[in-house]
Amino acid sequence: MSKVLPEAPPGLCFHCLQPLPDDGGYQVIIANQQRPVCCYGCQAVAETIAQQNLLHFYQYRDTSNPLAIPLVPEELQQLSAYDDEQLQQQFTRTHDDQSRSMTLSVEGMTCSACAWLIEQHLARIAGVVQAQVNATTERVHITWVPAQVKLSTLLQAIAQLGYRALPFQSATQEQDFKRKRRYFINRLGVAGLATMQVMMIAVALYFGVLSEFDENLKQFMWWISLLFATPVLLYSAQPFYLSALRSIQAQRPNMDVPVSIALLGAYGASAYATITHQGEVYFESVAMFTFFLLVGRYLELLAKQKALSAAANLIKLLPAVADRERADGEIETVPVSQLQPDDVIRVLAGHTLPADGTLLDGTALVNESVLTGESRPVQKHRGETMLAGSINQQQTARLQVTAIQQDTVLASIIALQDLALSRKPKLAQVAERLANQFVVQVLIMAALTFLIWTWIDPAEAFWVTLAVLVATCPCALALAAPTAVTGAIHKLNKSGVLLRNADVLQVLQQVKTVFVDKTGTLTSGEFKLQESYVAPCSPYGSDQLHAITQALEHYSEHPLAQPLRQLTTTKCQVSQVETITGAGLQGIWQNQSVRLGSLAFIQQWHPKYQPHLPQAQVFLASVAGVWAEYQVGDQLRSDAQIGVARLQQAGFKVVMLTGDRLELALPIAQQLGITEVQANCLPADKLAYVSEAQQQHPVMMIGDGINDGPVLAQADISVTFGHAADLARTAADVVLMRNQFSAVLSFVDIAAKSRTILRQNIIWALVYNVGILPVAMFGLVTPYIAAIGMSVSSLIVLLNSLRLYR
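With the working numbering applied, the sequence shown covers 54 to 859.
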């Protein structure tokens, strides 16, 4: 029934109560009636108020004093508050192109049809770069351009569809979970109590306990059953109706459509039989079916919470306050949200770091297990980065803040998990499409069943059709993929492996070749200067040449640059420094061009030059001659040999791709048992090798350098380390937070296990649904047995997926 709203005085705008223009203004439909409004703005606000079911704003306002009435309800004003810049800094990330991204928590999302509807609606808004919706976690990861669209507009756009979206705050996730759990427990309680009462009556009727009594007593029992079943239908089953309506709105019918039809049909037919005293009643089927469905949804909620709580608990570990140094050296305690980059903070022994920062004094011992899964403490030295969430284990540490809140590495971990959960593997997409198609097929088969049984036995046609709708509901098929993928991501996160693209779980089984970079991947990446050589013909002394090298290396992010930045205390100035990717650096020193880089880079000026140090990797030269050589040493990772051997035992062909010279790469390859080495590779060369191999089969690339970015982006599966260059991390599908090569094995093993469980879930769901269909169509399954079978099928899928959490 429509609400009765007070009319605006004649000649005034229904919304703002100001005079209408001479042409009558605009029209808006409120409570099924056309109302006059003065302008397009009032029309838009009035439509939004109606769409968000805020009609009480009009119902209870005092029209006698128009100037005292707010033009926007408080609920909508609250959404506008999210446009505040300072508030957005707490939950958004700003990118180089000035776009912003964030994660929204959406209430009311129940299935993939909801996700599809929200994605399509947001994608049509100008200024939205990307919107990815995950129905499993009930979150939306959205990227938008603030200059083109406001955040409040996006929140209102989602609200127009009937959902409530707010910025995801992990601190409130536990309260959200408790609220959702109460939501299901209340409905479960009503359905459970009603089912027990109705079943007692049904058993008495079925087994003839009431046969000796008159027909009036039987009718009385039917009315009692109707009384108990009604709150189940109207209250307990409400989530299924809402989900079905939204899926129909999205034109993607989901499994709740046949569920809703079955519930309403069984209840309607039973109520008709009760009122007319003809036919049979199945109130126990309505109550039992609803109860078992709710049990399945409740267990699904618990499974989701178990998967997501681990990552959410990471953020909860961060302290709420920090000790910040003032300019006068005094310490003040401030909320973490007030910290800014370059602030100096102190972290006491045993306390958790509230932000990312650079260690200012001495050394520190920190436990980074919350980030990497590795429990052994890590020694940090002055100038090294310490990450939020780590625990300072010794003396007080002084840090200069480099990143806060959403810009910390810990926040990035949560963002990567959400991103992975929103990207479904191809097999999961296939399962989702099958479930959606199966719903349509079930509806068609149910209609066909009704027609056939109407011809065979009209009295049984309805109940057989009902059993078909219930038994073949593809709940298990819809749960098969999300539960397995969520479990896999949870397991990987516990092992210190972050997934940016869940599709790699399926692609990995097709990979035959694994390309690995040498420096920083197979080796530790902790370089030390072992030997240097200064050419006798150089016009400058060694101290001056070391100063030039040192000055140039400050412009480089290559791992080899680190030990060459501390060669001498002598300072010099270089200008117009240019980075030549995969080769080295070129700049101007005292009006002459100088180069610092690989032998091939130097040989472009001096083609016949041969190094005096056979193992030298870095050379300094001018156009006139080569001035110096540097040999920088690196060590193999302690677990590289075992890791490579395990990959080879698993059937992968391991190929080394390196920019180093062959004489430097070959001894390491031989030590690791790698038979194929491609040396002297520029980024373009690595790209060419990987592209050529991809013509035969998918490949995996493992690298960590800035020059590995293009080839990581090209590979079917790309893996890098948490300490890698930003470009490498951006391009990679998998990020190993544990700085160990063996972490690759954890990824391979868990991916294989998750793929097996995903396949088992889908096979079981398909076998059950296809197998039960003819049995139900032949009338061999009663509605309440069908409800039990459907629920057990879903529970099997959930329990199988939970094996990933062990």
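Glycine included, C-beta positions come from ideal geometry on N, C-alpha and C.
Here R192 is buried, its C-beta having at least 16 other C-beta atoms within 10 Å. Residue nearest to P612 within the set V788, Q291 and G650 is G650 (criterion: CA-CA distance). Judged by their CB atoms, Q453 and L418 are not nearer to each other than the 7 Å cut-off.
Secondary structure note for A718: its alpha helix (DSSP H) is the uninterrupted segment L715 to L725. Sorting H659, E584 and S628 by C-alpha distance to the C-alpha of A669 places E584 at the top. Residue environment analysis places P74 among the exposed positions, since fewer than 16 neighbouring C-beta atoms fall within 10 angstroms of its C-beta.
By the beta-carbon neighbour count (other beta carbons within 10 angstroms, threshold 16), Q643 is exposed. Ranking L316, Q694, I721 and F654 by CA distance to the CA of D687 puts I721 first. Taking A524 as the centre and dropping the five residues before and after it, the same chain places the C-beta of I825, A829, V834, A839, G842 and M843 closer than 7 Å to its C-beta, in chain order.
For L638, the enclosing beta strand (DSSP E) begins and ends at G637 to W642. Between the alpha carbons of I601 and V647 lies a distance of about 9 Å. For L214, the three-state secondary structure derived from DSSP is coil. Cβ-Cβ distances below 8 Å link I770 to V557, V560, L561, V564, P751, V752, M753, M754, D786 and V787 in the same chain, with the five nearest sequence neighbours on each side left out; the list follows chain order. Cβ neighbours of V495 within its own chain (closer than 6 Å, five residues either side excluded): P311 and T525. Comparing C-alpha distances from I83 to each of N269, L673, I102 and A326 shows the shortest one belongs to I102. Comparing alpha-carbon positions, the option among L352, Q432 and G318 lying closest to A520 turns out to be G318. Straight across, the Cα-Cα distance linking L717 with F230 is about 56 Å. Three or more Cβ pairs closer than 8 Å define a contact, and the stretch 703 to 714 falls short of that threshold against the stretch 592 to 600. In the DSSP assignment, L700 falls within the alpha helix (DSSP H) that extends over A693 to Q702. For L530, the secondary structure class from DSSP, reduced to helix, strand or coil, is helix. Shown here for Y662: same chain residues with a beta carbon closer than 7 Å to its own, the five before and five after excluded, namely I655, Q656 and V679 in chain order. I195 and L157 have their C-alpha atoms roughly 8 Å apart. E745 sits exposed, since fewer than 16 C-beta atoms from the chains shown fall within 10 Å of its C-beta.
Straight across, the Cα-Cα distance linking A677 with V764 is about 35 Å.
Boundaries of the beta strand (DSSP E) around G410: D409 to L412. In the structure shown, H750 falls within a coil segment according to DSSP collapsed to helix, strand and coil.
The beta carbons of A255 and A340 sit no closer together than 7 Å. Residue burial is scored here from C-beta neighbours: M249 has fewer than 16 other C-beta atoms within 10 angstroms and is therefore classed as exposed. Distance from the CA of R435 to the CA of L412, rounded to the nearest whole angstrom, comes to 5 Å. DSSP places G686 inside the beta strand (DSSP E), whose first and last residues are V679 to G686. Nearest neighbour of P284 by Cα position, chosen from G77, E337 and S795, turns out to be E337. Counting of Cβ neighbours within 10 angstroms places S628 among the exposed residues, the total staying below 16.
Across the set A408, F774 and L487, the C-alpha of L487 shows the shortest separation from the C-alpha of N822. In this structure, DSSP gives E584 an extended state, which the three-state scheme calls strand. For Q645, the closest of I633, A653 and Q626 by C-alpha to C-alpha distance is Q626. Secondary structure within the stretch 775 to 827: the beta strand (DSSP E) runs of 3 or more consecutive residues, fully enclosed, are 787 to 789 (chain order).
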